[in-house]
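Participant:
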Amino acid sequence: ILQDTESVEAESLIAQTTMGIYVIRAEGAGPEEEPSDVGVVLEGVEVLQNLPSVTLGCVMLFGLIYALNLNYPKDLKCTFEAFQKILMELDTTKLSPKVQGLKIKM
Numbered sequence: 003i004l005q006d007t008e009s010v011e012a013e014s015l016i017a018q019t020t021m022g023i024y025v026i027r028a029e030g031a032g033p034e035e036e037p038s039d040v041g042v043v044l045e046g047v048e049v050l051q052n053l054p055s056v057t058l059g060c061v062m063l064f065g066l067i068y069a070l071n072l073n074y075p076k077d078l079k080c081t082f083e084a085f086q087k088i089l090m091e092l093d094t095t096k097l098s099p100k101v102q103g104l105k106i107k108m
């Protein structure tokens, strides 16, 4: 999630993002205020923008991952797996050892 960055810098960071959600807030806005834009990035391309919330951004990201049959980025695989299998309770019978350990601790 990108916050408090200049437009050119934000575009550069988005272009380098394999998979993620971006949040743009008005200058001086706090984290409790509504974002001015929320979007989804796949392979450096903004595939969705002007979403009303981060929650919808997460749901749309996972929907795109499933619909396009994408693999999670290697460096974020455990994060995405934990989100999917623990928080969203999808495909909970096949947990990796790391995610299983986290689930037990929770």
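According to the working numbering, the sequence shown holds residues 3 to 108 in order.
No residue lacks a Cβ here, since even glycine has one placed at the ideal position from N, Cα and C.
All of these numbers come straight from a predicted model, not from anything done at the bench.
Within the continuous alpha helix (DSSP H) that includes residue 103, where are the two ends?
Facilitator: Start and end: 99 to 107.
Participant: Within the same chain, show all residues whose beta-carbon is closer than 6 Å to that of residue 105, passing over the 5 residues directly before and after it, in chain order.
Facilitator: Within the same chain, residue 105 has close Cβ partners 88.
Participant: With DSSP run on the structure shown, which of helix, strand or coil describes residue 90?
Facilitator: The answer is coil: DSSP assigns residue 90 none of H, G, I, E or B.
Participant: How long is the line joining the alpha carbons of residue 45 and residue 108, rounded to whole angstroms?
Facilitator: The alpha-carbon atoms of residue 45 and residue 108 are separated by roughly 32 Å.
Participant: Give the straight-line distance between the Cα atoms of residue 9 and residue 34, rounded to the nearest whole angstrom.
Facilitator: For residue 9 and residue 34, the distance between alpha carbons rounds to 21 Å.
Participant: Output the boundary residues of the alpha helix (DSSP H) element that contains residue 22.
Facilitator: No alpha helix (DSSP H) contains residue 22, which is instead part of the beta strand (DSSP E) from 21 to 26.
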